[in-house]
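Structure record follows, encoded as structure tokens.
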Amino acid sequence: MFAEFLQYVFAGLTSGAIYALAGLGFAIIYNASHVINFAQGEFIMIGGMSTATMVAAGIPLPVAAAAAVLVTMLVGVALEKFAVEPAKGADVTAIVIITIGASIFLRGAAQVVWDKEFHALPAFSGETPIAVLGATLMPQSVWVVGVSMAVIALLWWFFNRTLFGKAMLATSFNRLAAQLVGIGVKKVLMVSFALSAMLGAVGGIVVTPITFTNYEAGIMLGLKGFSAAVLGGLGNGLGAIVGGLVVGIAEALASGYLSSAYKDAIAFVIILLVLFFMPSGLFGKKGTDRV
Amino acid sequence: MWIRKLGGAALAAIGAIGMSTAAVAAEPVRIGAFLSATGPASFLGEPEKKTLEMYVERLNKDGGVLGRKIELVVYDDGGAPDKAATFAKRLIQNDGVDIIIGGSTTGTSMAAIKVVEPAGVPFISLAGGIDIIEPVKKWVFKTPHTDRMAAEKVFADMKKRGLTKIAMISEDAGFGKSGHAQSLKVAPSYGVEIVADETYSPKDPDVTAQLTKIKNTAGVQAVFNFGFGQGPAVVTKNYKQLGFSVPLYQSHGVASKDFIKLAGDAAEGVRLPAAGQVVAEQLPATDPQKPVVMAFKKDYETAFKSDVSTFAGHAYDGLQMALAAIKRANSTDKAKVRDEIEKTSGYVGTGGLVSMSADDHMGLTLSAFHMVEIQKGDWVLAD
């Protein structure tokens, strides 16, 4: 009985950590610009696809992963430079729509650069399940959870302990004031895209051994990640993690104890309920100071 | 002088008549196709398109059919049924095609049927859904196996091994949904009882919750997964993670080397129904399909440097049956060609032995499927 429950929780943890990692990327760009970057899922896809193809070509995993992160960051910077920056001064909604266009473009480009097939990546530390009190967990799930935790710690350090991180936060609160005290707000936006591209790539790399990847893998990850980010409170890193885990575990428990046919509905009902009573999410700041 | 002039005119007139008959003879046979070459079903449409183009080019080099060139008109519907219907209309009204091959998915095929039936143009669909040919529609035929046949093949194998209480885990979209419905329909006639019935979304990263529930259901003797894409690979990996001791069956949706690549070691021992094309090398030399599938595999793989798929084979079969019917009818008269397609008998294609009739517009039997087991990363015939 307990083993059964634990297995459902593990299933939820695996999916949840994946959603959380995807959700984190939304948080950073939102923080810097109040833009929701709908191409975030595509960053994840590019990270996963680059790594998978390079590993298949015989390049060792750490090298391939590093190269993939770099490639994805370049894509992120290019996206900011050539699509978002020329629209500066435009409404936030307009920029959000630009990112949707960019996501469609990136999916198309991925079909040309790679192909339409699914790609797999070997698990980092083997495929032997870890047995815990009668339930089992794959080592790769531990990787996903561990990487999410490491990433959130790093982000906290970056935003609270480094000058540039603080400058980014300042820009998010008041762009004009930040500019007046000498913060290069243009650079801030570019760095936030590079950073969230990096996050997306890292997420894509650790997740690919579990979910596989293809040119449209970013759609689902982006959508679930967005739900996670909204549930946790947009712009809050910890919120994105908690939001992702809540969605993942709710889905798993719903398919375990109710019916797998309702699992997506259950997750959405939870999101709706939370947003109904806490409109800025579980960890979101009160919205009043953003006029 | 006058006579010479007259003679010249007569010569010119004779020449003109000669030219016009030559023009009639040169009128090409027009084959229209609407395929999902891009979009979510592009893994079906792309190889189909490449196959049609390659063989039409080759046939034209050898002089075409009935001494006429073949003209192929292909449109890409991107997997959208409304576009498929529009393109079918355009093929009939603007391009004046003699026959239509296409419809990579059941959705696009069904949408086009609404246009094709009233127009009275022979149509050979390349999609799996049984709704395409059941009930029988006068102008509509199809080449691929149906999901019902796959379910029947799996249940027949289970019956043979004495597995009567099984669990199903199906994808809750298109292919899996239809396969699941057909499975429920045919299971009783094989004495198979479905004691647990779970679903998952096509892109779920983890299905251990559903599988745990199945594992805790008393008396499950086998598990049957209906789906395609990465879903079945995730199911197979999770299945191994949970340490199931009963056999796992997959549908024909994963009958490609990609599945083995994705699922890795976890795929060992998985059984599934596969068309002859998939197991071309494993077929015994006595199998009538062997030379056909081996030749097609060689043609496709040398031309495109990528593994041949059953989907490419569906397009090949469609084209061959269409041309054979046109040859037998000795014209492109639509009604005659339709009648000849219906009379297709003993055609050995990549999908199996095809013998159509007035109430069977597919013409395949269960023998078109081979039960295979995955061993050491390759297919092994298990029937």
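Line by line, the protein sequences give chains A and B.
So the first sequence is numbered by my numbering: it starts at 452 and just counts up by one.
So the second sequence is numbered by my numbering: it starts at 18 and just counts up by one.
The beta carbon of each residue, even a glycine, is placed where N, CA and C say it ideally should be.
Just so we're clear, the structure is a prediction, and the values are computed from it rather than from any experiment.
**Message:** Based on DSSP bridge pairs, tell me the residues matched to F243(B).
**Reply:** As a working mapping, residue 243(B) is identified with position 226 in the second sequence. Per the DSSP secondary-structure output, F243(B) pairs in a beta bridge with S187(B).
**Request:** Assign T544(A) to one of two classes, buried (16 or more other C-beta atoms within 10 Å of its C-beta) or exposed (fewer than that).
**Result:** Position 93 of the first sequence holds residue 544(A). T544(A) comes out exposed.
**Request:** Label V535(A) either buried or exposed according to how many other C-beta atoms from any shown protein chain fall within 10 Å of its C-beta, with 16 as the threshold for buried.
**Result:** Position 84 of the first sequence, counted from the start, is the residue given in the question as residue 535(A). The residue in question, V535(A), is buried, as its Cβ has 16 or more Cβ neighbours within 10 Å.
**Reduced DSSP secondary structure (H/G/I, E/B, other) of D395(B)** = Counting from 1 along the second sequence, the entry for residue 395(B) is found at position 378. Here D395(B) sits in strand by DSSP.
**Request:** Starting from P590(A), follow the alpha helix (DSSP H) in both directions and report where the run begins and ends.
**Result:** Mapped onto the first sequence, residue 590(A) falls at position 139. Where P590(A) is concerned, the enclosing alpha helix (DSSP H) stretches over 590 to 612.
**Message:** Tell me the DSSP secondary structure of V90(B) in three-state form.
**Reply:** On the second sequence, position 73 is the one that residue 90(B) refers to. Note: V90(B) maps to strand in three-state DSSP.
**Item:** Listed by chain order, chain B residues near Q491(A) by CB distance under 7 Å
**Value:** Here residue 491(A) refers to the residue found at position 40 of the first sequence. Within chain B, no residue comes near Q491(A); the closest Cβ sits about 16 Å away, beyond 7 Å.
**Message:** Is there a Cβ of chain B sitting closer than 8 Å to that of Q743(A), yes or no?
**Reply:** Summary: the structure shown does not reach residue 743(A), with chain A confined to residues 452 through 742, and so no result is reported for it.
**Message:** Below 8 Å on the Cβ atoms is my contact criterion, and I expect T123(B) with I149(B) to pass it. Report the Cβ-Cβ distance as a whole number of Å.
**Reply:** Within the second sequence, the letter at position 106 stands for residue 123(B). Within the second sequence, the letter at position 132 stands for residue 149(B). Their Cβ separation, rounded to whole angstroms, is 6 Å, which keeps T123(B) and I149(B) in contact under 8 Å.
**Prompt:** Hey, how far is the Cα of F728(A) from the Cα of V697(A)?
**Reply:** Your numbering for residue 728(A) matches position 277 in the first sequence. Your numbering for residue 697(A) matches position 246 in the first sequence. Between F728(A) and V697(A), the C-alpha separation is close to 16 Å.
**Message:** For a cutoff of 8 Å on Cβ pairs, would you count P222(B) as touching chain A?
**Reply:** Looking up residue 222(B) in the second sequence gives position 205. Yes, P222(B) lies at the interface with chain A (some Cβ there is under 8 Å from its Cβ).
**Prompt:** For F719(A), is the classification buried or exposed, using 16 other Cβ atoms within 10 angstroms of its Cβ as the cut-off for buried?
**Reply:** Here the question's residue 719(A) lines up with position 268 in the first sequence. F719(A) comes out exposed.
**Request:** State yes or no: is the C-beta of V46(B) within less than 8 Å of the C-beta of T361(B)?
**Result:** By one-based count along the second sequence, residue 46(B) stands at place 29. By one-based count along the second sequence, residue 361(B) stands at place 344. Going by C-beta atoms, V46(B) is not nearer than 8 Å to T361(B).
**Residues within the segment 56 to 68 of chain B neighbouring chain A, beta-carbon criterion of under 9 Å** = For the segment 56 to 68 of chain B, which is checked against every Cβ of chain A, the residues closer than 9 Å are P57, S59, F60, E63.
**Asked** For E390(B), does the three-state DSSP call read helix, strand or coil?
**Response** Counting from one through the second sequence, the residue named residue 390(B) turns up at place 373. Under the three-state reduction of DSSP, E390(B) is assigned to strand.
**Request:** Go ahead and label L300(B) buried or exposed: buried means 16 or more other beta carbons lie within 10 angstroms of its beta carbon, across all protein chains shown.
**Result:** If you number the second sequence from 1, residue 300(B) lands on position 283. With 16 or more other Cβ atoms within 10 Å, it is buried.
**Start-to-end residues for the beta strand (DSSP E) that takes in D214(B)** = For the purposes of this step, residue 214(B) is taken as the residue at position 197 of the second sequence. From DSSP, the beta strand (DSSP E) with D214(B) extends over 210 to 217.
**Asked** Does DSSP put V365(B) in a helix, in a strand, or in coil?
**Response** Stepping through the second sequence from its first residue, residue 365(B) is reached at position 348. If DSSP states are grouped into helix, strand and coil, V365(B) belongs with the strands.
**Prompt:** Quick one: Cα of A39(B) to Cα of P249(B), how far?
**Reply:** As a working mapping, residue 39(B) is identified with position 22 in the second sequence. As a working mapping, residue 249(B) is identified with position 232 in the second sequence. Residue placement at A39(B) is flagged as unreliable, the pLDDT there being 47, under the threshold of 50; the coordinate-derived value follows with that caveat. Distance between the alpha carbons of A39(B) and P249(B): 56 Å.
**Asked** DSSP state of D79(B), grouped into three classes?
**Response** Here residue 79(B) corresponds to residue number 62 of the second sequence, with the count starting at 1. Under the three-state reduction of DSSP, D79(B) is assigned to coil, being neither helix nor strand.
**Message:** I'd like to know if L575(A) contacts chain B, where contact means its C-beta is closer than 8 Å to some C-beta of that chain.
**Reply:** Reading the first sequence from its first residue, position 124 is the one you call residue 575(A). First, the residue type needs correcting, since residue 575(A) is Phe and not Leu in the sequence shown. Output row for F575(A): interface = no.
**Item:** Cutoff 7 Å; reference E667(A); Cβ partners in own chain excluding five residues on either side
**Value:** The count along the first sequence starts at 1 and reaches residue 667(A) at position 216. The residues are R558.
**Prompt:** How many Å lie between N482(A) and L674(A) at the Cα?
**Reply:** Taking the first residue of the first sequence as position 1, residue 482(A) is located at position 31. Taking the first residue of the first sequence as position 1, residue 674(A) is located at position 223. Taking the CA atoms as reference points, N482(A) sits about 19 Å from L674(A).
**Prompt:** Which chain A residues are close to T216(B), counting only those with a beta carbon under 9 Å from its beta carbon?
**Reply:** Along the second sequence, one-based indexing puts residue 216(B) at 199. For T216(B), the neighbours in chain A by C-beta distance under 9 Å run, in chain order, S706, S710, S711, A712, K714.
**Message:** Short of 6 Å in beta carbon distance, which residues of its chain neighbour P64(B), apart from the five on each side in sequence? Order them along the chain.
**Reply:** The residue given as residue 64(B) occupies position 47 in the second sequence. Correct list, in chain order: S326, F328, A329.
**Asked** Are T367(B) and G293(B) touching if we call contact CB-CB under 8 Å?
**Response** By 1-based counting over the second sequence, the position of residue 367(B) is 350. By 1-based counting over the second sequence, the position of residue 293(B) is 276. Their beta carbons are under 8 Å apart, which means T367(B) touches G293(B) by this criterion.
**Message:** I want to know whether the segment 587 to 601 of chain A touches the segment 567 to 575 of chain A - three or more CB-CB distances under 8 Å.
**Reply:** Yes, the segment 587 to 601 of chain A touches the segment 567 to 575 of chain A.
**Start-to-end residues for the beta strand (DSSP E) that takes in K159(B)** = As a working mapping, residue 159(B) is identified with position 142 in the second sequence. Here the beta strand (DSSP E) through K159(B) covers 157 to 159.
**Asked** So is the beta-carbon of F494(A) under 7 Å away from any non-hydrogen atom of the ligand SAM?
**Response** Because no ligand of any kind appears in the structure shown, any question about the ligand SAM cannot be addressed here.
**Asked** According to a CB-to-CB cut-off of less than 8 Å, which residues of the segment 275 to 288 of chain B neighbour chain A?
**Response** Residues passing the 8 Å Cβ filter: D275, K278, L279, G281, D282, A283.
**Request:** Verify the CB distance criterion: does F663(A) have a CB-CB separation below 8 Å to chain B?
**Result:** In the first sequence, the residue the question calls residue 663(A) occupies position 212. Yes, because at least one Cβ of chain B sits closer than 8 Å to the Cβ of F663(A).
**Request:** Just mark D542(A) as buried or exposed, buried being the case when its beta carbon has 16 or more other beta carbons within 10 Å.
**Result:** Mapped onto the first sequence, residue 542(A) falls at position 91. So D542(A) counts as exposed.
**CA-to-CA distance, I661(A) to I670(A), given in whole angstroms** = The residue labelled residue 670(A) in the question sits at position 219 within the first sequence. The residue labelled residue 661(A) in the question sits at position 210 within the first sequence. Cα to Cα, the separation comes out at about 16 Å.
**Request:** For Y666(A), name the three-state secondary structure that DSSP assigns.
**Result:** As a first step, residue 666(A) is located in the first sequence; it is residue number 215 there, counting from the start. Coil.
**Integer Cβ distance of V212(B) from K182(B), believed to fall under 8 Å** = Within the second sequence, numbered from 1, the residue matching residue 212(B) stands at position 195. Within the second sequence, numbered from 1, the residue matching residue 182(B) stands at position 165. V212(B) to K182(B), Cβ: 5 Å. Contact.
**Request:** Report yes or no: do the segment 649 to 661 of chain A and the segment 489 to 496 of chain A share at least 3 C-beta pairs separated by less than 8 Å?
**Result:** By the criterion of at least three beta-carbon pairs nearer than 8 Å, the segment 649 to 661 of chain A is in contact with the segment 489 to 496 of chain A.
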